[in-house]
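For reference, the structure is listed below as C-alpha cells.
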Amino acid sequence: MRMTRYFIPTLREIPSDAQIVSHRLMLRAGMIKQAAAGIYSWMPLGLRVLQKIERIVHEEQIRAGHIPLLMPTLQPAGLWRESGRYDDYGEEMLRITDRHQRDLLYGPTNEELITDIFRGHVRSYRDLPLTLYHIQWKFRDEIRPRYGIMRGREFLMKDGYNFDVDKEAAIHSYNRHMVSYLRTYQRMGLQAIPMRADTGPIGGKYSHEFLVLADTGESEVFFDSAILDLQFEGRDIDYDSRGNCARLVDHWTSHYARTDETHDQDVFEETVPESRRRRSKGIEVGQIFYFSTKYSEPMGASVSNANGELVNVHMGSHGIGVSRLVGAIIEASHDERGIVWPSSVAPFQVGIVSAATGHAETEAVCNALYQELTGLGIETLYDDRTERAGAKFATMELIGLPWRITVGPRGLKTGQVELVRRKSGDSKQYATGEIVAALCYQLEAHN
RNA sequence: CGGGGCGUGGCGCAGCAUGGCAGCGCGGCGGUUUUGGGAACCGCAGGUCGUUGGUUCAAAUCCAAUCGCCCCGACCA
64 MRMTRYFIPT LREIPSDAQI VSHRLMLRAG MIKQAAAGIY SWMPLGLRVL
114 QKIERIVHEE QIRAGHIPLL MPTLQPAGLW RESGRYDDYG EEMLRITDRH
164 QRDLLYGPTN EELITDIFRG HVRSYRDLPL TLYHIQWKFR DEIRPRYGIM
214 RGREFLMKDG YNFDVDKEAA IHSYNRHMVS YLRTYQRMGL QAIPMRADTG
264 PIGGKYSHEF LVLADTGESE VFFDSAILDL QFEGRDIDYD SRGNCARLVD
314 HWTSHYARTD ETHDQDVFEE TVPESRRRRS KGIEVGQIFY FSTKYSEPMG
364 ASVSNANGEL VNVHMGSHGI GVSRLVGAII EASHDERGIV WPSSVAPFQV
414 GIVSAATGHA ETEAVCNALY QELTGLGIET LYDDRTERAG AKFATMELIG
464 LPWRITVGPR GLKTGQVELV RRKSGDSKQY ATGEIVAALC YQLEAHN
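Take a look at the structure:
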C-alpha cells in the first residue's frame, strides 16, 4: 500500500480524554475514531489489525473442531423471555421496538439464539458433540464505558456454545476450549493466564477467565509466579483426545491463579511459597463456562440418547473479546515511540521509507522494492509522502510495523539500504539486491 | 445512577471572576529555501463559541433548560 493512496489519519498531539496508553496510541495511530460513548469507527489501519486477530481466532477454533456460523445482532425478545433472562439481564441490555411494536434487543450474548437453533435441528446423541461459534458485534449498555475499545459498549466478540450428551463430554469441550484459547493468545504474542472465575449472570458450575497481565488492567489477580514459565509442549494438539486435553488443562491450572472475585487468601498462602506469590492487575480477554443444563432445560434442548431416552443436553459457552484484544496487545507491546506489533497481528509486515523525497535514484529503488515485496505477497506500506525523513520515521514507529526498510542517498552511494527491527531497534545494512531475501529470512525467523 | 469536570476552526488549548473587534500552538492549502529523526520563512483558508430560551444598548462571557463527552464509584468480553 502506498501511503499517499491510503488513509491513516495520525495525530501528533494526544487527545485529552484518552487515559490509557492503548487508547492514546490507537487514536494517535489513526486506528479508531469515537462515534459516541463506547462506540467506535474502525479506521483502515485498525480494521486490518482487528481482522488479523479475527482470523487467528477463527483458525484456532476450526483447528479445535468448532464450527463457525453467524447469528444476527438484533434478536427477538421472545427467546429471552423463555430463558428468563429478558428481565434478569437488566439495563445493560439495549432494548428496541420496531414499527410493529415488536420487542427486539441488540444481543449482548447468544445463548438463547443458539439454543433455539439447536433444538430446532438436533434430535439425536449421534449429532453430538457439537460446538458452534460466531464472531459478531455485541452491545452491552455499560453504565460507564471507558478506555477506548477496551470497555466499549459495542464490541466484537467470538462466542461459542458446546452441546454434549453428558457431563463428561461437556467437560472435554470445556478443556478443549481452554487449550484452544491459550493457543490463540499465544499466537498473538500474548501470555494469558487462565484463572478460576465467577460465573456471573451467565451462570453455571465451572468457569475460567483468561487474563493478560498489565498495569492498566481492571481486574486484580493473585497467582503463583511459576505459571509464567509454563510452555506449550508442541504445536500439534490432539483435540479429540480427552486425556490429552485434560492433561494440558491440568498443566495450566495446577498453579494457584485467581481473580479477586474467587481469591482465597488462606489457600493462596497455604499452597504458594511466599517468594512466588504475585498480586497484579490483569486485562480479561476471554472466559469459558460449563453450565450444565441451565439453558437446555427451560428451553427444551434435548436429544435421544443411545437408550432412546430424552435427555437435556449439557452446554457450555465461551467468549473471546476480539476488539478488546487489539487494546490488550498494545498494552502489552509498546514503547515511548508507539506501538510494537507482534508480526502475527501487524497491519503490515514492513514499511518502506524513502529518506529523500524527490531524489530520483532513491525513489526508483523504493518503487522497485515495493513492487517486489508486494508481488511476493508481503504486506508492505510504502511511505511515499513528501515528508522529511524524521517525520516518516516517527510515523512508522507510531504505527508499529515490525520491520522498516530505509532507502536514501547516503546508503545508495554504496548500493545499500537499511533494515530496522521495530521491537529492538536493531538495524543492519544490506545490498539492494539482498534486502528482499534478508527480509524474507527475518519474517520467517520471527514468525 | 451518585460525585466531579468539560463543550470555543480538524487536534490541543487561552479568553469567561469584572459582558464591548474571537485568539494562540499544531494541522491544512499556496509559494520560496530546505531534505537521514516530527524543517524555516512568507502568504491564505477555516469558527452560527454544543443547542434552545432569557437578561442587556451589547453575551463565548451572566441566568435557565437541554444535549453530548470525560474522570471517580457500584456493574461488565
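Here the first sequence is numbered in the numbering used here, starting from 64 and rising by one per residue. Don't be surprised by glycine CBs; every beta carbon is placed ideally from N, CA and C.
**Prompt:** DSSP three-state call for Thr356: helix, strand or coil?
**Reply:** coil
**Message:** Can you check which of these residues, Thr495, Lys486, Ala457 and Arg387, is closest to Asn430 by C-alpha distance?
**Reply:** Thr495
**Prompt:** Of the residues Ala232, Trp105, Asp229 and His184, which one's Cα is nearest the Cα of Glu217?
**Reply:** Trp105
**Request:** Just tell me which of Ile383, Leu253, Leu219 and Leu132 has its CA closest to the CA of Thr194.
**Result:** Leu132
**Any 3 or more C-beta pairs closer than 8 Å across the segment 382-400 and the segment 348-361** = yes
**Message:** Taking 7 Å as the limit between beta carbons, can you name the residues of its chain near Lys96, skipping five residues before and five after?
**Reply:** Tyr103, Ser104 and Met106
**Request:** Measure the beta-carbon distance from Ser243 to Ala127 and round it to whole angstroms, keeping in mind my assumption that it falls under 8 Å.
**Result:** 4 Å
**Distance between beta carbons of Thr469 and Glu481, contact taken as under 8 Å** = 4 Å
**Request:** Express the C-alpha separation of Gly252 and Gly421 in angstroms, rounding to a whole number.
**Result:** 39 Å
**Nearest neighbour of Ser407, chosen from Ala419, Gly401 and Val389 [CA to CA]** = Val389
**Item:** Where Cys308 falls, given that 16 or more other Cβ within 10 Å makes a residue buried
**Value:** buried
**Request:** Please work out which residues of its chain come closer than 7 Å, Cβ to Cβ, to Thr136, disregarding the five sequence neighbours upstream and downstream, and give them in chain order.
**Result:** Tyr169, Gly170, Gln199 and Trp200
**Asked** Where do the N-terminal and C-terminal ends of the beta strand (DSSP E) with Phe226 fall, by residue?
**Response** Glu217 to Asp227
**Request:** Closer than 6 Å by C-beta to Phe285: which residues in its own chain qualify, once you throw out the five before and the five after it? Chain order, please.
**Result:** Arg321, His326, Phe331 and Arg342
**Prompt:** Between which two residues does the beta strand (DSSP E) carrying Pro139 extend?
**Reply:** Leu137 to Pro139
**Message:** Please list the terminal residues of the continuous alpha helix (DSSP H) segment that includes His240.
**Reply:** Lys230 to Arg250
**Request:** State the Cα-Cα distance for the pair Ser487 and Trp404, rounded to the nearest angstrom.
**Result:** 12 Å
**Item:** Simplified DSSP state of Met258, which is helix, strand or coil
**Value:** strand
**Message:** Taking the beta strand (DSSP E) that His377 belongs to, which residues open and close that run?
**Reply:** His377 to Gly384
**Prompt:** Closest to Arg68 by CA distance: which of Arg207, Leu293 and Tyr445 is it?
**Reply:** Tyr445
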